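To keep things clear, I will list the structure first and then write my remarks on it.
Numbering (my numbering), first residue to last: 52 to 1156.
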């Protein structure tokens, strides 16, 4: 679902907030919130207000001209030269040096800048940078992507020290890490999650070498870590669990995990070769099924093998041969034609490969071995998939059937099928089978004419198709299987490759070698006695595109059981979400019914391999963490509050830092909203903002103005120019009233406002203008406040310096995410986003950067980057460095700790993401100051998993919230978690509808030595600081904000990149190609078009909220 929804499966499934309507806005469950996104300029980000640089060049510390390199930060002008020069002693005598400026800025950390812990109101203090560096020879640094510090070429005052990047970079590591990697199967990962990128598992040797070099630091390093330097393969371990948490009230929950007894069998792996080779797993399985039927009792020694449909066969015990060749003949099903059925001959070679050692798996489950034995897990997974594969339609790790539950129409020729997800997992309780309910879209088995009528929502028999209709039909039908209906019982099947450019009336084809042409209409009449009625429609092209066959649409019917893998529209998503939305008690009952129906105790394959599956859900010890106390402004009647069951409200409270809106205007794009209604709505909104603690001028610069949606750019620019002339300064806010179905209007508006005009905007749907509910206005006020630079609330513990490993020293918290294009967009770029906290100790405000990168590339390419400047030589920059500089300027402190929450990474990508991105963090820090290596904690946040937690007693009001879900703050770190590593499930939010999905947090690196309670409580408490609603949210806000940032950036792309997927994409300049996804036409070395830059005043605020 994630890719089908246009962003991420809607993080608001369980969280409500004001904002826009379904698909882009909040205000209810199962919706994605308002557009959301953080940054427009590939990698350009928030900065303090534009200041005058020495020499007048550049726009700010992130400013400067936009170079023409790919989707990232341009080679920018910096105050006092390139940013690394700001953090170390100068290379020449400075002409002048003022406070907060100068080349030694990052070294002179103490006693400078505002101390913010007591200053809620105006926390951003600008630091003028007026130091101008003397000109000198350009630095003689290494080019390319080697990173590290640029050796100084002038000025004796730079501290001497080793070239730090050598401390953590393997020789030729950049080249190795950036080569396309082959795709390797991974066993225990969610197949849906793993399909989103092009990363494969590295070899053990590569990982060992890279980890060793990642952790080695030069003597004298100022890093605040005592983590030993890895010196052997033991360094590959992710952090071990530092004990279990104890905070909170204890309870018992049920998890949809079923204990699987480890078999005591001698498992053997055989390689399978089938010739002629076919791509269909179905054909391969049919061949193997026939082989087993013929030879199981004889040549196979009475073994019942499990087959993965490709190249691997597994048996419980050895086969009576090392290698053997078989001849198998498949006979096609009777197609009703009366003709002889087609026979296909295959040669099958089965050859012994290896033994699958279950002893290592047993040791791993007992915590005596670090590496998860993937092959043993894969064998067990394949064994348990054999029976459902033969009974249901497999899709990834799920199985679907029209007989599981009820099919529901989704519109436009699609229907939903119910099914179940199944995966074997290693856990603390041993092996566990994770079972969950699932639904997905299938194509209805309709006559093609009916399907097209539904698709276009009109009668297609009366008038010819438009060009737009033909494009839509072709896109929907390409690759779909149909069967013919004009030959009685003969139901031959074909796959559609396209549509004919001519109508059926005009279409001819050669009937002999002399080139004699015949009309399709005549042929069907003469050969089959079939009179084609819809001659104004094109024919379907089927079979080989080079030698196509033509079939009139009316003789074709869509074959049942074909999953629809392309992008769903908003109405279809809504319909599918309604189907999947089940109360927890109902979902639990369905899961138990599925387990009984699957009958694992009767499964012949499970019996053959000795696998026994429990029929009871796992009962798990859990704890309910207490909610944090929240601070509001002293002038409100309630100065702080304690949330109840994951929610609270703004009654009697004022925002802790109210923003200022003196100059604003309203544009209305909805015809049925009269001007007086728009003015009345804006007045009420202004009043709500004022009551909530903002300083909001009730009078707009210009009266509300009604504009046409087809002239959005022209109207906005004209109105903006007029308002600027009247106000004689920049506007603070644009309020926009949008119709319910606004198409591309919302995205166009955000792009124009944020990358062209330089103004933050708040969009409101027309239906809310008429309703004008207080709750809605209060939610919108929260969003407006942070967009104009305010803060809604902060944690009381943050202000009183009581957050372990955050409050004691300056700490920066990062969030990062990558969003990938929708299915079917096979070459448009992926968007990476990184946000970072800009206030300490409050950790509430987040600045962010985004960049476009290669199609389906999961590793964030612009965390650290280098480029060549013609005058300055090698420049080092990237998203991490920019955000560290931004933190330094906003707080007057340099971060002494880094906490990095990384969203959207599946288990099969853990090593690659950690190696690549931790390396980038190290390089970014080293480029700022010699020996600057603050300790890093790297945590992966996962929402796309299938673990669900249920109350032990659904009727006990003390165990559930109003939606029937487990209580917010419920944390689990035992039994169903990893056998040895530091991970936990946290349900930090209250459910609204459906079954809550807990977030899974897995620590991949921890130099800060968090305790279980420390990290769990920090993560839970942060979930109460999300700016857009008065509810705790389901994932930690920095990760949430990064998702919003990346999602917003898609609106900044040119239409051909965001809609049609026709743009080629590839590797970032200077890094080499990281490889692209399986379904891509992208050229690995083609440039990714950079995103347009955000305006400076927009960068400074949380405009993406």
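Even for Gly, the Cβ is constructed at its ideal location relative to N, Cα and C. Computed from a predicted model, the values in this text were never measured in an experiment.
Using CA atoms only, rank isn't needed, just tell me which of the options is closest to residue i.
i: residue 459; options: 493, 428 and 438; result: 493
i: residue 987; options: 972, 979, 978 and 996; result: 972
i: residue 611; options: 502, 1007, 684 and 692; result: 502
i: residue 1083; options: 567, 1018 and 716; result: 1018
i: residue 474; options: 487, 909, 732 and 496; result: 487
i: residue 679; options: 948, 959 and 1067; result: 1067
i: residue 1064; options: 296, 505, 739 and 849; result: 296
i: residue 315; options: 410, 709 and 342; result: 410
i: residue 724; options: 755, 462, 702 and 664; result: 755
i: residue 417; options: 661, 1032, 375 and 373; result: 1032
i: residue 719; options: 651, 759 and 776; result: 759
i: residue 824; options: 903, 907 and 733; result: 733
i: residue 1079; options: 535, 706 and 874; result: 706
i: residue 1052; options: 957, 359, 599 and 963; result: 957
i: residue 616; options: 531, 1096 and 564; result: 531
i: residue 625; options: 461, 905 and 635; result: 461
i: residue 704; options: 693, 694 and 684; result: 684
i: residue 687; options: 840, 1016, 660 and 741; result: 741
Please report how far the alpha carbon of residue i lies from the alpha carbon of residue j, in whole angstroms.
i: residue 554; j: residue 603; result: 10 angstroms
i: residue 857; j: residue 528; result: 55 angstroms
i: residue 1013; j: residue 1043; result: 8 angstroms
i: residue 306; j: residue 482; result: 14 angstroms
i: residue 407; j: residue 669; result: 27 angstroms
i: residue 179; j: residue 915; result: Legend: pLDDT at residue 179 = 36, less than 50; position of this residue unreliable, value from coordinates given subsequently. Whole-angstrom Cα-Cα distance: 26 angstroms.
i: residue 1099; j: residue 1155; result: 7 angstroms
i: residue 1036; j: residue 1001; result: 13 angstroms
i: residue 545; j: residue 448; result: 27 angstroms
i: residue 745; j: residue 885; result: 28 angstroms
i: residue 673; j: residue 1022; result: 6 angstroms
i: residue 643; j: residue 676; result: 29 angstroms
i: residue 293; j: residue 328; result: 50 angstroms
i: residue 778; j: residue 785; result: 14 angstroms
i: residue 990; j: residue 552; result: 53 angstroms
i: residue 803; j: residue 961; result: 37 angstroms
i: residue 368; j: residue 338; result: 22 angstroms
i: residue 1060; j: residue 947; result: 14 angstroms
Report all residues from its chain with a CB closer than 6 angstroms to the CB of residue i; omit the five preceding and five following residues, and keep chain order.
i: residue 556; result: 586
i: residue 997; result: 472, 485 and 487
i: residue 490; result: 467, 469, 630 and 631
i: residue 478; result: 1027
i: residue 515; result: 587
i: residue 815; result: 788
i: residue 866; result: 886, 952, 1089, 1090, 1092 and 1093
Assuming residue i contacts residue j under a Cβ cut-off of 8 angstroms, what Cβ separation, rounded to an integer in Å, is found between them?
i: residue 999; j: residue 1046; result: 6 angstroms
i: residue 879; j: residue 863; result: Their Cβ separation, rounded to whole angstroms, is 32 angstroms, which puts residue 879 and residue 863 out of contact at 8 angstroms.
i: residue 1094; j: residue 913; result: So it is not a contact: roughly 17 angstroms between Cβ atoms.
i: residue 809; j: residue 595; result: Rounded, the Cβ-Cβ distance is 54 angstroms, inconsistent with contact.
Spatial neighbours of residue i within its chain, please: C-beta separation below 7 angstroms, excluding the five flanking residues on both sides.
i: residue 656; result: 355, 357, 434, 437 and 438
i: residue 713; result: 748 and 783
i: residue 582; result: 576
i: residue 525; result: 549 and 550
i: residue 1081; result: 698, 699, 700 and 701
i: residue 806; result: 91, 1103, 1143, 1144, 1145 and 1146
Ordered along the chain, which non-local residues of its own chain (more than five positions away) have a Cβ less than 8 angstroms from that of residue i?
i: residue 497; result: 464, 505, 608 and 609
i: residue 765; result: none
Can you find a CB in chain D that lies within less than 8 angstroms of the CB of residue i?
i: residue 1036; result: Absent here is chain D; the protein component of the structure consists of one chain.
| said: Extract the residue ranges of the alpha helix (DSSP H) inside the region 846 to 876, only unbroken runs of 4 or more that lie entirely within it. | reply: 847 to 850
| field | Continuous beta strand (DSSP E) assignments of at least 3 residues falling wholly in the region 699 to 733 | value | 715 to 719
| alpha helix (DSSP H) runs wholly inside the region 306 to 392, at least 4 long, in chain order | 332 to 346
| task | Let me know the beta strand (DSSP E) ranges lying completely inside the region 1017 to 1104, each 3 residues or longer, listed in chain order. | result | 1021 to 1023, 1034 to 1038 and 1050 to 1057
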